[in-house]
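Student: Please see the structure below; I have some questions.
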Amino acid sequence: MIFAVAADIHDRLDHWRKLWPRLLTGAPEALILCGDLSRPETLAGLRPQGLPWAFCLGNCDSACGDALKTEGLALGATVWGDLGRWSLPEGGSIAFTHFPAIARRAAQEGQYRAVFYGHSHRAAEETLSGPHGSTLLANPGDVEGRYGRISAVLWDSQSGALRWVDA
């Protein structure tokens, strides 16, 4: 299964409209958003037509977290708090969060094939060894473009390949 993973949108739908068509060239089968969406109104512009999607809440979502959850559910998203999980069709699962410390702990547990996170606005990738094998730990960067780069990733759960996509 191919996942498009993005983080730290911060209401920048103008950036998302540039990034999403590039992500679509990788034929994603699902979308995961790692928090800091910011306002419920933003969700309609992020919704991937015809694809399952999920998001977790970030620190900038706390002021309107209940409204984000309600709107997300109405738009067909699976909504999580601090740590989301997605079962893979080939077995195993992945996790996603906004917070780097939660992501690192989840990856170190070794029960996930991959763990994605946001918050730092900086793209990162590493592999951690755990009691049950290795786990990809990755930050897709940000959609906001805080440091000049607008990015997300495509991750293939069968091959484990991670591909960076920039707007």
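Those letters in the sequence shown? Residues 139 to 305, per my numbering, in order.
We put the beta carbon where it would ideally sit given N, CA and C, even for glycine.
Grab me the residues of Ser225's own chain with a C-beta within less than 7 Å of its C-beta, minus the 5 sequence neighbours each way, in chain order.
Tutor: Ser231
Student: Taking Asp149 as the reference, which of Trp302, Val281, Trp293, Tyr285 has the closest Cα?
Tutor: Nearest option by C-alpha distance: Val281.
Student: Can you tell me where the alpha helix (DSSP H) with Gly222 in it begins and where it stops?
Tutor: First-last for Gly222: 221-225, but that is the beta strand (DSSP E), not the alpha helix (DSSP H).
Student: Consult DSSP for Ser200 and reduce its assignment to one of helix, strand or coil.
Tutor: helix
Student: What separation, rounded to the nearest whole angstrom, lies between the Cα atoms of Arg251 and Pro178?
Tutor: Computed Cα separation, rounded: 30 Å.
Student: Starting from Ala239, trace the alpha helix (DSSP H) in both directions and tell me its first and last residue.
Tutor: 238-247
Student: So for Gly298, helix, strand or coil by DSSP?
Tutor: coil
Student: Look at the Cβ atom of His259, then the Cβ atom of Cys172, and state whether they are nearer than 8 Å.
Tutor: no
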